[in-house]
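Residue numbers (our numbering): 634 to 772.
The following block contains the structure:
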């Protein structure tokens, strides 16, 4: 947003006047490394542009200062608190899930053991029935 405002200002300014360009010191580098423009044109031009647009810059500062930073900070804090509560709930659910899995494993083991016991009972009952049948035949 700020970049588009600066581009708009530059498009409205036109070429700098001789007064804006000023004079440069011989000890300074001759070209600005970032833009490749001559320093003796750039620095006075920037200073003049800043002075020319001081009211606009103040308006931007006022808009930025008017942002609800307190609400943003409060919202961020609430999000952090909510995230902490959510992490705690997830940990609780992990624990409950782990306990449930342990219980299911125990039930499966008990089911297998119960199956073994029932198979043993069936075998014993078959032997008793066979023994009982042989006793009846003998009588």
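Ideal Cβ placement from N, Cα and C applies to all residues, glycine included.
query: Cutoff 7 Å; reference residue 663; Cβ partners in own chain excluding five residues on either side; result: 671 and 672
query: CB contact flag (residue 675, residue 681, <8 Å); result: no
query: Opposing strand residues paired with residue 664 [DSSP bridges]; result: 671
query: Residue 705 (DSSP reduced to helix, strand or coil); result: helix
query: Residue 739 versus residue 764: straight-line alpha-carbon distance, rounded; result: 37 Å
query: Alpha carbon of residue 747 to alpha carbon of residue 708, nearest angstrom; result: 57 Å
query: DSSP three-state assignment for residue 772, whether helix, strand or coil; result: coil
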